[in-house]
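When the letters of the sequence shown are read in order and numbered with this note's numbering, they come out as residues 67 to 501.
Each residue gets a CB set at the ideal place from its N, CA and C atoms; glycine is no exception.
What follows is a set of notes on a single structure, which appears directly below.
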Amino acid sequence: MRVLVVGSGGREHALCWAIRQSPLCQRLFCAPGNAGIAVEALCVPIAVTEHKKLVAFAQDAAIDLVVVGPESPLINGLADQMAAAGIRCFGPSAQAAFLEGSKGFMKDLLVRYGIPTAEYGRFRTPATAKAFIRAWDRPIVVKADGLAAGKGVRLCRTLAEAELAIDTVMVQRAFGSAGDAVVVEALLEGEEISFFALVDGIEALPLTGVQDHKALREGDRGPNTGGMGAYSPPTVLTPVLERDIMTRIILPTVRGMADVGRPFRGVLFAGVILTDDGPRVLEFNVRFGDPECQALIMRLQSDLLQILLSVCDGRLSSVAIDWYEHAALTVVMAARGYPGPFSRGSEIRGLERVMDLPDVKVFHGGTRQDATGRFFSDGGRVLGITATGPTVAEAQARAYAIVQKIDWPEGFYRRDIGWRTVRHSGTTRALQDSP
Ligand code: GLY
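Okay, here's the thing in structure tokens:
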């Protein structure tokens with residue numbers, strides 16, 4: 067088969083790495099890819115926004131399957147355009163991707179189908195949103211309705227913080243048209259997990275759970291990022307909880323989406339918070355998480371390409387997915403300044419020392435390579451050092467040992483990825499070794 071992966075981050079590197087291992091995969095392309103992805107796939111210089119060019123390339127290159135990594139091309143209809151050109155595509159239609167494209171739509175759907183989530187209000191003007199929070203008088207979360215690259219969510223414990231958040235989104239328009247409306251919801255307390263399930267329109271099959279660290283700094287403090295690290299499996303995800311999430315969250319959502327004329331096909335990513343009253347949905351995404359995908363892929367034993375095809379072809383009920391027993395953990399190395407302004411183009415040394423080690427994979431999130439083979443940063447989240455081990459603690463120790471070998475003074479990383487799970491097994495060597 068000839069496969070095209072769309073995207074250029076660590077998630078797409080992980081997808082390419084796994085797809086390339088499939089005996090079904092004859093040629094693998096990635097648009098636009100990055101320097102790490104170029105080891106697995108032939109990179110094609112077409113941006114994820116250039117849908118016409120992507121479709122034309124897929125036709126010319128006789129692509130059998132397109133796999134779309136990020137949300138924005140899905141929300142903007144790339145899967146529909148590929149389908150219209152007769153090309154099989156993994157990822158939901160624009161209608162179904164609206165589940166991630168509008169937080170208000172998502173919340174209304176959850177309530178309509180009795181799926182547990184936080185109480186909320188939806189507002190189109192700052193005045194009505196502020197009147198609501200004044201009357202409510204409790205810790206809340208303000209969310210821009212549309213896509214804001216993970217930055218449109220503010221946790222507010224005081225009225226002043228909440229009013230500032232509404233002004234930032236709706237008056238200063240920090241996220242552009244994503245702030246045409248806001249969702250204001252009750253702030254829930256509990257551990258969060260990212261839960262992934264495959265959906266073929268009708269059937270849903272659980273993948274697994276991952277925990278990521280969205281906050282910039284150790285101890286899960288500081289501003290939100292796209293994710294500074296991830297690990298799987300989380301200790302909190304018991305088989306009972308997984309069944310509960312499937313029964314009370316994933317399956318009713320799949321039925322609800324079909325019922326409202328937006329059947330979902332692809333990977334459904336539920337951001338779930340584990341409250342004292344049980345799991346509740348914080349958000350839905352319509353693609354794999356980044357960096358969750360990097361950790362998840364390292365645990366997947368089954369052939370990813372066959373799995374993706376079964377989703378596209380509506381054959382999910384005939385699929386069984388095997389997982390390795392081991393845990394996996396990803397430490398993101400980011401450019402200094404991220405998630406604010408950062409510079410590109412600093413040299414990263416030492417990558418050749420860590421390329422072929424057992425139980426370790428360095429997924430590139432934003433790199434380029436010059437003609438002499440040197441690597442340079444080319445993004446905010448630049449590398450995802452991913453290691454496996456019998457436990458999360460051992461995977462953590464391995465991942466941080468590799469981080470030490472990478473010579474990139476302009477980069478930084480969090481030193482406590484996996485702490486929630488690792489705290490159960492005591493202080494780790496990785497944490498003691500960190501600078
Ligand atoms: N790591 C969170 C996300 O991919 O949305």
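{"Asked": "Is it buried or exposed, Q147, if we count other Cβ atoms within 10 angstroms and call 16 or more buried?", "Found": "buried"}
{"Asked": "Give me the Cβ distance between I181 and V347, rounded to the nearest whole Å; I'm assuming they're in contact under 8 Å.", "Found": "6 Å"}
{"Asked": "For G432, is the beta carbon positioned less than 6 Å from some heavy atom of the ligand GLY?", "Found": "no"}
{"Asked": "Output the boundary residues of the beta strand (DSSP E) element that contains L334.", "Found": "R331 to T341"}
{"Asked": "Going by C-alpha distance, which of G152, P139, V177 and R154 is nearest Q161?", "Found": "P139"}
{"Asked": "At which residues does the beta strand (DSSP E) containing A400 begin and terminate?", "Found": "A393 to A401"}
{"Asked": "Please look up how many angstroms separate the CB atoms of A151 and A124, rounded, as I've assumed it's under 8 Å.", "Found": "7 Å"}
{"Asked": "Near the ligand GLY, which residues have their beta-carbon less than 6 Å from any of its heavy atoms, given in chain order?", "Found": "G216, D278, G292, G293, N351, G355, D356 and E358"}
{"Asked": "Tell me, please, which residues DSSP counts as bridged to P98.", "Found": "G73"}
{"Asked": "Please classify R489: is it buried, with 16 or more other beta-carbons within 10 angstroms of its beta-carbon, or exposed?", "Found": "exposed"}
{"Asked": "Go ahead and label Q87 buried or exposed: buried means 16 or more other beta carbons lie within 10 angstroms of its beta carbon, across all protein chains shown.", "Found": "exposed"}
{"Asked": "Excluding five sequence neighbours on each side, which residues of the same chain lie with their C-beta closer than 8 Å to the C-beta of S384?", "Found": "S376"}
{"Asked": "Mind checking which residues open and close the beta strand (DSSP E) that includes S443?", "Found": "F441 to S443"}
{"Asked": "Which same chain residues, not among the five before or five after P111, have their C-beta less than 8 Å away from its C-beta?", "Found": "A97 and P98"}
{"Asked": "Where does A263 land, buried or exposed, given buried means 16+ other C-beta within 10 angstroms?", "Found": "buried"}
{"Asked": "For T319, report the span of its alpha helix (DSSP H) as first-last.", "Found": "L317 to D325"}
{"Asked": "What are the boundary residues of the beta strand (DSSP E) that P289 is part of?", "Found": "R287 to N290"}
{"Asked": "For the beta strand (DSSP E) holding L273, just list the boundary residues, first then last.", "Found": "A270 to D278"}
{"Asked": "With distances taken between CB atoms, is the gap from V458 to Y297 smaller than 7 Å?", "Found": "yes"}
{"Asked": "So M67 and L90 are supposed to be a Cβ contact under 8 Å. How far apart are they, rounded?", "Found": "5 Å"}
{"Asked": "Name the two residues that bound the continuous beta strand (DSSP E) containing A210.", "Found": "I206 to A210"}
{"Asked": "Assuming H79 contacts H430 under a Cβ cut-off of 8 Å, what Cβ separation, rounded to an integer in Å, is found between them?", "Found": "5 Å"}
{"Asked": "Cβ of G293 within 7 Å of Cβ of D278?", "Found": "yes"}
{"Asked": "How many angstroms separate the CA atom of N100 from the CA atom of G432?", "Found": "6 Å"}
{"Asked": "Identify which residue in S243, R190 and I268 has its Cα closest to the Cα of L382.", "Found": "I268"}
{"Asked": "Quick check: what's the CA-CA separation for D325 versus R220?", "Found": "32 Å"}
{"Asked": "Cutting at 6 Å between CB atoms, please list the residues of its own chain near A84, excluding the five before and the five after it.", "Found": "I363 and L370"}
{"Asked": "Exposed or buried, what is A197 when buried is set at 16 or more other beta-carbons lying within 10 Å of its beta-carbon?", "Found": "exposed"}
{"Asked": "Please state the DSSP three-state secondary structure of Y186.", "Found": "strand"}
{"Asked": "Taking E137 and E166 to be in contact with their CB atoms under 8 Å, please state how far apart those CB atoms are, rounded to whole angstroms.", "Found": "5 Å"}
{"Asked": "Which term fits G223, buried or exposed, when burial requires 16 or more other beta carbons within 10 angstroms of its beta carbon?", "Found": "Sequence inspection shows Arg at residue 223; the Gly mentioned does not correspond to that position. Exposed, by the Cβ-count rule."}
{"Asked": "Bridge partners of G455, per DSSP?", "Found": "A393"}
{"Asked": "Does the distance from the C-beta atom of D473 to that of G75 stay below 7 Å?", "Found": "no"}
{"Asked": "Taking a contact to mean a Cβ-Cβ separation below 7 Å, would you say A244 touches A201 in this structure?", "Found": "no"}
{"Asked": "Should R365 be labelled buried (16 or more other beta-carbon atoms within 10 Å of its own) or exposed?", "Found": "buried"}
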